[in-house]
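Residue numbers (the numbering used here): -19 to 178. Even for Gly, the Cβ is constructed at its ideal location relative to N, Cα and C.
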Amino acid sequence: MAIKFQYNKTFLQQLNRELKVRENALPTLIAKESALRLEVKKAKEQAQEFETRIAKEHETLTATNRLWGEMPTGLVKINKVDVIVKKIAGVKTPILDKVIFDVSRYSLVAEAAWIPEGVEILKRLAELKICVELARKKVTILEYARKKTTQKVNLYEKVQIPEYNEAIRKIKRFMEDEDNLAKSSQKILKVKIAAEAA
């Protein structure tokens, strides 16, 4: 993308303003990029931690697999998932606030004695699965924002700022040459006028 410009003071001032905007924004963008890199790393670790906790829960439940066949189907349902939005380095990310469950009525006498504990286990597993999904979504959002910020940093640092500097240099050189030509022609004109007068 080459910058289009004209060789005059107005364009020189405009290019200087635009260059200053980019030079002022660059440190902020670099800081945002590094903050997003750190947050992506944290979010990945958090997602991995939730997945590990789910794996441990499943591991502890393998001994009781045959009992889960006694659990009435449709006993526990997710009614509502409340998610809050938190800004991290200017990027909106989801965080689990709470999960509201619908637990169907069941008879404590007719059902197995472990059913209330089974309901709590199902709630805990469901909440962990929701946490994993939100953590993955957070990673995706943060990685996308980091990628876009990195692209913008590279655009400013490696493309636009050098192009603006080059355009400003060309305009200044052109204006200096024009000024030198004007001065030279004035000197020549003075010499001619002095020669004609003498």
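Query	Result
Do I141 and L(-4) count as a contact pair if the criterion is CB distance below 9 Å?	Correcting the residue type first, residue -4 is Asn in the shown sequence and not Leu. No, they are not a contact pair.
Beta strand (DSSP E) containing K60: first to last residue?	V56 to I68
In this structure, does DSSP put F81 in helix, strand or coil?	strand
Quick one, which of E123, V63 and L47 has its alpha-carbon nearest W94's?	L47
I'd like to check one pair, Y(-13) with K150: are the Cβ atoms closer than 9 Å?	yes
Have a look at Q(-7) and E143 and give me their C-alpha separation to the nearest angstrom.	15 Å
Excluding sequence positions up to five away, which residues of its chain have a Cβ less than 8 Å from the Cβ of K106?	Correcting the residue type first, residue 106 is Ala in the shown sequence and not Lys. So the qualifying residues of the chain are V56, I58, V79 and F81.
So, with DSSP's three-state summary, where would you put I75?	strand
Would you kindly work out how many angstroms separate the C-alpha atoms of A(-18) and L9, rounded to a whole number?	23 Å
N134 to K72, Cα distance in whole Å?	23 Å
At which residues does the alpha helix (DSSP H) containing F30 begin and terminate?	K(-11) to L41
So, is K118 buried or exposed, given that buried needs 16 or more other C-beta atoms within 10 angstroms?	buried
Can you have a look at A11 and say buried or exposed, based on whether 16 or more other CB atoms are within 10 angstroms of its CB?	exposed
So for Q166, helix, strand or coil by DSSP?	helix
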